[in-house]
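Per my numbering, the very first residue in the sequence shown carries number 161; after that it's consecutive.
Note that beta-carbon positions come from the ideal geometry of N, C-alpha and C, so glycine has one too.
All remarks here apply to the structure that follows.
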Amino acid sequence: MAATREDVLGALERVIDPELRKPVTQLGMVRGVVVEGGDVAVTIALTVAGCPLRSVFHEQVREHVGALPGVESVELDFDVMSPDERAALTERLRGGVRQRTQGISLDADTRVVAVASGKGGVGKSSLSVNLAAALADLGQRVGILDADVYGHSVPHLLGIQQKPVLVDRMIVPPVRDGLKLMSIGFFLDENAPVMWRGPMLHRALEQFLSDVHWGELDTLVVDMPPGTGDVSISLGQLLPRAEVVIVTTPQPLAQEVAVRAAQMAQKTNMRLLGVVENMAGDVFGSGGGDALAADLGVPLLARVPLDAAVREAGDAGDPVVWADPTSTAAAAMRELADAVVTTRRERGVGIVKSLPVLS
Numbered sequence: 161m162a163a164t165r166e167d168v169l170g171a172l173e174r175v176i177d178p179e180l181r182k183p184v185t186q187l188g189m190v191r192g193v194v195v196e197g198g199d200v201a202v203t204i205a206l207t208v209a210g211c212p213l214r215s216v217f218h219e220q221v222r223e224h225v226g227a228l229p230g231v232e233s234v235e236l237d238f239d240v241m242s243p244d245e246r247a248a249l250t251e252r253l254r255g256g257v258r259q260r261t262q263g264i265s266l267d268a269d270t271r272v273v274a275v276a277s278g279k280g281g282v283g284k285s286s287l288s289v290n291l292a293a294a295l296a297d298l299g300q301r302v303g304i305l306d307a308d309v310y311g312h313s314v315p316h317l318l319g320i321q322q323k324p325v326l327v328d329r330m331i332v333p334p335v336r337d338g339l340k341l342m343s344i345g346f347f348l349d350e351n352a353p354v355m356w357r358g359p360m361l362h363r364a365l366e367q368f369l370s371d372v373h374w375g376e377l378d379t380l381v382v383d384m385p386p387g388t389g390d391v392s393i394s395l396g397q398l399l400p401r402a403e404v405v406i407v408t409t410p411q412p413l414a415q416e417v418a419v420r421a422a423q424m425a426q427k428t429n430m431r432l433l434g435v436v437e438n439m440a441g442d443v444f445g446s447g448g449g450d451a452l453a454a455d456l457g458v459p460l461l462a463r464v465p466l467d468a469a470v471r472e473a474g475d476a477g478d479p480v481v482w483a484d485p486t487s488t489a490a491a492a493m494r495e496l497a498d499a500v501v502t503t504r505r506e507r508g509v510g511i512v513k514s515l516p517v518l519s
């Protein structure tokens, strides 16, 4: 018995756009379905020409449509959405987002966890990536915002080379194993430096929060730049309900510098979740995280040992919690994720007074 057009459309409901994470039928991407006996031809309208993920559509259509009784062959062709169709898609996707503040398209129920440090070189980006991966393993829908504009390393740590897609005025972030990522590194030529002043940095972060289609997220992990500069202040203004994890290494100097990042978070009325001591072990010692947590009056969420597996996995573009899940570092990263999840969410109020400008 030959499959019907309705059977094929039903099967296409299980074909998921890898970036938008919704069925192609729901997104209005099915341009045509033709059934002639056992031969089925499907046309899907892509958001942009030259989509690098065509093979994903091929695999899914062959899997779901090809499994229908009576189907002998499946042919998939592609078309491109018109400007009006892309505008309608943008409106459809953003229709379900309850905005946090005016212009910010991140859902109000999305928890924002900012990973911050007082200085660079403490492993903050590796912790951000592995925290996001561990949260995803716990069943959460997770996004990562690489806000470290001068040291944007998250795309490399996740092995993502695909660029974001522009649909009408909406930016669709690339996805790796369910993790959505946005980084300034996607918009630069090769390894070009970012030579921007404060207002441009603020606008870039604002655009990543207003124009990027994050969709339905449980948690957005933000890899903050080290220190207390413009981007850190901008995040406090744009996402006042963010919660902050402070990263330090065991040395007293790193602990002293990390206090500044914690104090800045408190001055912008963001909540301190706790402290992570990274690179603990014989080389750098231990105990700095405990001392910092005691100074700040917050818990020590995790102590991550200095482990070559973290560096090797990062160089390979794979979080250590996925690449080497039995390593001691991976276990500590999962402990951090568990601690974040079990910590009761409390929402701050953001910057309540203007910050001074020195002339």
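* **Backbone secondary structure at asparagine 429 - three-state DSSP** => coil
* Anyone know if the C-beta pair for leucine 419 and valine 464 falls short of 8 Å? -> As written in the sequence, residue 419 is valine, which differs from the leucine given in the question. In this structure, valine 464 does not lie closer than 8 Å to valine 419 by Cβ.
* **Selected residue, minimal CA-CA separation from isoleucine 344, among Pro385, Ala274, Ala227** => Pro385
* To do: Find out if the Cβ-Cβ distance for the pair glycine 448, glutamine 415 is shorter than 8 Å.
  => yes
* Answer yes or no: do leucine 326 and proline 333 have a C-beta to C-beta separation smaller than 8 Å? => no
* To do: Drop a sphere of 10 angstroms on the beta-carbon of alanine 489, count the other beta-carbons inside from all chains shown, and report buried for 16 or more, exposed for fewer.
  => buried
* Assign glutamate 232 to buried or exposed, taking buried as 16 or more other Cβ atoms, counted over all protein chains shown, within 10 Å of its Cβ. => exposed
* Asked: What's the call for arginine 252, buried or exposed, on a 16-neighbour Cβ count within 10 Å?
  -> exposed
* Note the first and the last residue of the continuous beta strand (DSSP E) segment covering glycine 303. => 302-306
* Should methionine 360 go down as buried or exposed, given a rule of 16 or more other Cβ atoms within 10 Å for buried? -> exposed
* **serine 519 to serine 394 span [Cα, whole Å]** => For serine 519, the predicted model reports a pLDDT of 43, less than 50, meaning its position is unreliable; a value from the coordinates is still stated below. Taking the straight line joining both Cα atoms gives about 20 Å.
* Asked: For phenylalanine 238, does the three-state DSSP call read helix, strand or coil?
  -> strand
* **Continuous alpha helix (DSSP H) assignments of at least 4 residues falling wholly in the segment 322-373** => 358-370
* Asked: Quick one: what's got a C-beta closer than 6 Å to arginine 165's C-beta in the same chain, skipping five residues either side?
  -> Val193, Val195
* **Cut-off 8 Å between Cβ atoms - residues of its own chain near phenylalanine 444, not counting five sequence neighbours on either side** => Thr409, Pro410, Gln411, Leu466
* To do: Decide yes or no for the touch test of the segment 303-311 against the segment 374-384: beta carbon pairs closer than 8 Å, at least 3 of them.
  => yes
* **Closest Cα partner of glycine 441 within the set Thr270, Ala468, Leu461, Leu456** => Ala468
* The beta strand (DSSP E) enclosing glycine 192, as first and last residue numbers -> 190-196
* Asked: Do the segment 233-248 and the segment 174-183 meet, that is, are 3 or more Cβ pairs less than 8 Å apart?
  -> no
* **Three-pair Cβ contact test at 8 Å for the segment 472-482 versus the segment 313-324** => yes
* To do: For the alpha helix (DSSP H) containing leucine 169, list its first residue and its last residue.
  => 165-172
* To do: Taking only runs that begin and end inside the segment 426-494, name each unbroken alpha helix (DSSP H) of 4 or more residues, in chain order.
  => 448-456, 468-475, 480-483
* Give me the Cα-Cα distance between arginine 174 and histidine 218, rounded to the nearest whole angstrom. => 13 Å
* Asked: Using CA coordinates, which residue listed in Thr203, Asp269, Thr270, Ser288 is at the minimum distance from serine 277?
  -> Ser288
* Supposed contact pair leucine 496 and valine 458 - C-beta distance, whole angstroms, cut 8 Å -> At roughly 14 Å, the Cβ-Cβ gap does not stay under 8 Å, so valine 458 and leucine 496 are not in contact.
* Contacts around leucine 365, its chain only, beta-carbon distance under 7 Å, and the 5 residues preceding and following it disregarded -> Ala307, Val391, Ser394, Leu395, Leu398
* **Closest by C-alpha distance to leucine 339, when choosing among Ala296, Met189, Ala451** => Ala296
* Can you tell me the Cα-Cα spacing of alanine 499 and threonine 207, whole angstroms? -> 39 Å
* Asked: Does the separation of the CB atoms of alanine 492 and aspartate 484 fall below 8 Å?
  -> no
* Asked: In chain order, what residues of the same chain lie with their CB nearer than 8 Å to the CB of aspartate 328, ignoring the 5 residues before and after it?
  -> Pro243, Arg246, Ala247, Leu249, Thr250
* Asked: Between which two residues does the beta strand (DSSP E) containing arginine 271 stretch?
  -> 271-277
* Round the Cβ separation of valine 234 and valine 225 to the nearest angstrom and send it over; I've been treating them as touching at under 8 Å. => 5 Å
* To do: Given a cut-off of 8 Å, decide if alanine 422 and leucine 460 are closer than it, judged by their beta-carbon atoms.
  => no
* List the DSSP bridge partners of serine 233. => Asp199
* Who are threonine 408's beta bridge partners in DSSP? -> Glu437
* **Inter-residue spacing [alpha-carbon to alpha-carbon] between serine 370 and isoleucine 331** => 9 Å
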